[in-house]
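Residue numbers are given in full-length UniProt numbering: position 145 of the sequence shown equals residue 145, and the series is strictly consecutive. Virtual Cβ for every residue (Gly too), placed ideally from N, Cα, C.
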Amino acid sequence: MIGEISPQDLLLANEEGDGQRRSVEEKEDIAQQEAELDAQVVTLTDEIAELCKDKARYVQATLFQGELDELQINTKTLEEDLKRLQTFRDEQQERLNAEKKKKDNIEEEIRQYSVVIADLKEKLSTKEKQLAAQPMSGEDARALRVRKEELKARIEQANEERQNIEIENDAILSLNFKEASQLRERYRTFVRAFEDISRMVNGTYDPFFAVLDQHSPNEPHFPEFISVIEGKLNGLHDKMNEWIKDMEDEILATNQDATELRQKKALLVENLKHSHDFTLKREDWEDERQKLTLEVDVAQNELDSLHALRNGKLSAHEQLAETRKELQSRQIEFDEAKKKIVNEVAVKFSTLVEQWEHLKKCHDQLRSDEKLLREALNNLIDGVESN
1 MIGEISPQDL LLANEEGDGQ RRSVEEKEDI AQQEAELDAQ VVTLTDEIAE LCKDKARYVQ
61 ATLFQGELDE LQINTKTLEE DLKRLQTFRD EQQERLNAEK KKKDNIEEEI RQYSVVIADL
121 KEKLSTKEKQ LAAQPMSGED ARALRVRKEE LKARIEQANE ERQNIEIEND AILSLNFKEA
181 SQLRERYRTF VRAFEDISRM VNGTYDPFFA VLDQHSPNEP HFPEFISVIE GKLNGLHDKM
241 NEWIKDMEDE ILATNQDATE LRQKKALLVE NLKHSHDFTL KREDWEDERQ KLTLEVDVAQ
301 NELDSLHALR NGKLSAHEQL AETRKELQSR QIEFDEAKKK IVNEVAVKFS TLVEQWEHLK
361 KCHDQLRSDE KLLREALNNL IDGVESN
């Protein structure tokens with residue numbers, strides 16, 4: 001039997017052994033590649049978790065940005081209200097001084113008219129007594145009656161002027177009361193806005209607002225209290241500037257984190273591209289390997305036929321066929337597992353690309369919010385410098 005084995009049979013047998021060794025090595029390479037892919041999937045999962053955390057920080061920074069915008073709007077409104085209150089106070093003070101001066105003049109005129117009326121009444125009474133005590137001619141009596149009528153007319157005119165002055169004085173007092181009520185209402189509105197901004201910046205209630213509630217802008221010494229209010233406003237303005245600076249620092253840190261995240265994501269996308277390219281190459285290698293395996297199977301069939309014809313051992317051929325079927329079955333299972341892994345990696349890659357697009361939109365929104373913040377800060381600084 002040994003003498004009947006030809007050199008060609010030995011060559012085919014060696015090729016069969018080499019094919020089996022190559023198949024084992026390819027399986028080991030594929031197993032190693034699958035392990036590397038699993039490690040990359042774990043890395044991708046960790047990176048996605050980091051992306052979610054960074055997104056949460058970005059959302060928090062966006063909320064802080066909204067609060068900062070609201071605080072700046074409230075502060076600007078408060079400053080405008082304070083300016084209007086000071087302007088209105090000055091106008092009311094000037095008007096009050098003018099009205100007070102006018103009232104003093106009217107009262108002086110009333111006093112003068114009262115003196116004149118009293119003097120005229122006294123003179124009239126004296127004249128009546130003199131006329132009653134002395135005889136007079138008819139011409140003198142007529143002249144006195146004319147004089148008396150003139151004095152009565154002057155007295156009635158003085159009384160009418162006094163009544164008109166009193167009516168005008170009452171109208172001025174009513175107008176002053178109405179304007180004082182409006183001033184008190186505007187003062188209460190200013191105090192409420194001031195308290196809201198103080199709570200937003202300090203986070204606690206300031207007892208100073210209880211003192212504000214006890215005062216009124218119509219008090220005589222209220223202009224002196226304005227300086228105390230301005231001191232509190234300046235302190236609140238300084239705290240607000242510190243709070244805005246802290247927010248800017250936090251936004252800057254967020255931008256740095258976003259930059260690092262973009263770099264990590266770019267590296268991650270590059271790794272995914274390499275993994276995808278490697279997967280495509282591995283599929284090409286697998287196709288080539290299947291072709292080679294098919295050729296090996298054909299050669300093996302020929303070799304089995306030669307062995308069967310030479311040795312008459314068909315049972316060995318059947319065992320080889322069973323072994324080949326089992327090998328093909330395992331190969332099919334391996335192909336299905338490989339396709340499943342490739343599909344999972346493709347799905348994860350698609351999800352990561354979507355997250356990258358979403359992160360890009362978030363970054364664009366962050367850039368827009370930062371631009372709005374810069375403009376608001378510049379406007380606020382210009383407003384403070386102009387004051």
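Practice item. Could you tell me the distance, in whole angstroms, from the CA atom of asparagine 97 to the CA atom of glutamate 139? Key: Here residue 97 refers to the residue found at position 97 when the sequence shown is read from its first residue. Here residue 139 refers to the residue found at position 139 when the sequence shown is read from its first residue. The alpha-carbon atoms of asparagine 97 and glutamate 139 are separated by roughly 54 Å.
Review point. Under a Cβ-count criterion, where at least 16 other Cβ atoms within 10 Å of its own Cβ denotes burial, should phenylalanine 177 be classed as buried or exposed?
Key: In the sequence shown, counting from the first residue as 1, residue 177 sits at position 177. Label assigned to phenylalanine 177: exposed.
Check your understanding: How close, in whole Å, do the beta carbons of glutamate 370 and isoleucine 251 come, if the pair is a contact with beta carbons under 8 Å?
Key -> Numbered from its first residue, the sequence shown carries residue 370 at position 370. Numbered from its first residue, the sequence shown carries residue 251 at position 251. That pair is a contact at about 6 Å.
Review point. Ends of the alpha helix (DSSP H) at aspartate 206?
Key: Taking the sequence shown and counting its residues from 1, one reaches residue 206 at position 206. Looking at the DSSP string, aspartate 206 is not in any alpha helix (DSSP H), and its letter there is neither H nor E.
Review point. Is the stretch 209–221 touching the stretch 242–256 in the sense that three or more CB pairs, one from each, lie closer than 8 Å?
Key: With a cut-off of 8 Å, the stretch 209–221 and the stretch 242–256 do not count as touching, because too few Cβ pairs lie within range.
Check your understanding: Quick one, which of Gln300, Lys152, Leu352 has its alpha-carbon nearest alanine 321's?
Key -> Position 321 of the sequence shown holds residue 321. For alanine 321, the nearest C-alpha among the options comes from Gln300.
Point to revise | Proximity below 8 Å, CB of tryptophan 356 to CB of lysine 265 | key: Here the question's residue 356 lines up with position 356 in the sequence shown. Here the question's residue 265 lines up with position 265 in the sequence shown. When the beta-carbon positions are compared, tryptophan 356 and lysine 265 come within less than 8 Å of each other.
Check your understanding: Whole-angstrom Cβ separation of alanine 258 and leucine 366, contact assumed at under 8 Å?
Key -> What you label residue 258 is simply residue 258 of the sequence shown in a count that begins at 1. What you label residue 366 is simply residue 366 of the sequence shown in a count that begins at 1. About 7 Å; that satisfies the 8 Å criterion.
Review point. Helix or strand or just coil, what does DSSP make of arginine 22?
Key: Along the sequence shown, one-based indexing puts residue 22 at 22. Low per-residue confidence applies at arginine 22: pLDDT is 48, beneath 50, and the placement is therefore not dependable enough to give any value.
Review point. Is the beta carbon of aspartate 287 sitting closer than 8 Å to the one on arginine 324?
Key: Stepping through the sequence shown from its first residue, residue 287 is reached at position 287. Stepping through the sequence shown from its first residue, residue 324 is reached at position 324. In this structure, aspartate 287 sits away from arginine 324, with a CB-CB distance that is not shorter than 8 Å.
Check your understanding: Whole-angstrom Cβ separation of leucine 124 and leucine 151, contact assumed at under 8 Å?
Key -> For the purposes of this step, residue 124 is taken as the residue at position 124 of the sequence shown. For the purposes of this step, residue 151 is taken as the residue at position 151 of the sequence shown. At roughly 6 Å, the Cβ-Cβ gap stays under 8 Å, so leucine 124 and leucine 151 are in contact.
Review point. Mind checking whether lysine 103 and asparagine 159 have CB atoms under 8 Å apart?
Key: Translated into positions along the sequence shown, residue 103 becomes position 103. Translated into positions along the sequence shown, residue 159 becomes position 159. Note that the C-beta distance between lysine 103 and asparagine 159 is not below 8 Å.
Review point. Cα separation between valine 347 and glutamate 326?
Key: In the sequence shown, counting from the first residue as 1, residue 347 sits at position 347. In the sequence shown, counting from the first residue as 1, residue 326 sits at position 326. About 32 Å.
Review point. When the Cα of phenylalanine 209 is compared with those of Asn343, His221, Asn202, Glu195, which residue comes out closest?
Key: Residue mapping note: residue 209 aligns to position 209 of the sequence shown, counting from 1. For phenylalanine 209, the closest of Asn343, His221, Asn202, Glu195 by C-alpha to C-alpha distance is Glu195.
**Study point:** Per-residue DSSP class, three states only, for glutamate 219
**Key:** Translated into the one-based positions of the sequence shown, residue 219 becomes position 219. If DSSP states are grouped into helix, strand and coil, glutamate 219 belongs with coil.
Review point. Should threonine 126 be labelled buried (16 or more other beta-carbon atoms within 10 Å of its own) or exposed?
Key: Translated into the one-based positions of the sequence shown, residue 126 becomes position 126. Within 10 angstroms of the beta-carbon of threonine 126 lie fewer than 16 other beta-carbons, which makes it exposed.
Review point. Among Arg95, Lys148, Arg154, Glu80, which one has its Cα closest to the Cα of valine 116?
Key: Locating residue 116 in the sequence shown gives position 116, where the first residue counts as 1. The residue from Arg95, Lys148, Arg154, Glu80 with its alpha-carbon nearest to that of valine 116 is Arg154.
Check your understanding: Taking the alpha-carbon positions, what's the leucine 261 to alanine 376 distance?
Key -> Here residue 261 corresponds to residue number 261 of the sequence shown, with the count starting at 1. Here residue 376 corresponds to residue number 376 of the sequence shown, with the count starting at 1. Straight-line Cα distance between these residues: approximately 28 Å.
Review point. Cα-Cα, which of Gln331, His276, Thr279, Gln256 is closest to residue 398?
Key: In the structure as shown, the chain begins at 1 and stops at 387. Residue 398 is therefore absent and cannot be evaluated.
Exercise for review: With a threshold of 16 other CB atoms inside 10 Å of the CB of leucine 372, please say whether the residue is buried or exposed.
Suggested key: Counting from one through the sequence shown, the residue named residue 372 turns up at place 372. Per the 10 Å Cβ criterion, exposed.
Exercise for review: Find out if the Cβ-Cβ distance for the pair glutamate 161, tyrosine 113 is shorter than 8 Å.
Suggested key: Start at 1 with the first residue of the sequence shown, and residue 161 comes out as number 161. Start at 1 with the first residue of the sequence shown, and residue 113 comes out as number 113. Yes; because the gap between Cβ atoms is below 8 Å, this pair is in contact.
Review point. Given a threshold of 16 other Cβ atoms within 10 Å of its Cβ, counted over all protein chains shown, does isoleucine 381 qualify as buried or as exposed?
Key: Stepping through the sequence shown from its first residue, residue 381 is reached at position 381. Answer is exposed; the Cβ neighbour count stays below 16.
**Study point:** Same chain, Cβ closer than 6 Å to leucine 212, neighbours up to 5 away in sequence not counted
**Key:** Your numbering for residue 212 matches position 212 in the sequence shown. Taking leucine 212 as the centre and dropping the five residues before and after it, the same chain places the C-beta of Val191 closer than 6 Å to its C-beta, in chain order.
Practice item. Look at valine 269 and methionine 240 and say whether their C-beta atoms are less than 8 Å apart. Key: Locating residue 269 in the sequence shown gives position 269, counting from the first residue. Locating residue 240 in the sequence shown gives position 240, counting from the first residue. Contact: no.
Practice item. For isoleucine 244, count neighbouring Cβ atoms within 10 angstroms of its own Cβ and tell me buried if that reaches 16, exposed if not. Key: Taking the first residue of the sequence shown as 1, we reach residue 244 at position 244. Flag for isoleucine 244 reads buried.
Exercise for review: Alpha carbon to alpha carbon, how far is aspartate 284 from glutamine 328? Give it in angstroms, no decimals.
Suggested key: Residue 328 sits at position 328 when you count from the first residue of the sequence shown. Residue 284 sits at position 284 when you count from the first residue of the sequence shown. Within the model, the alpha-carbon separation for glutamine 328 versus aspartate 284 is close to 19 Å.
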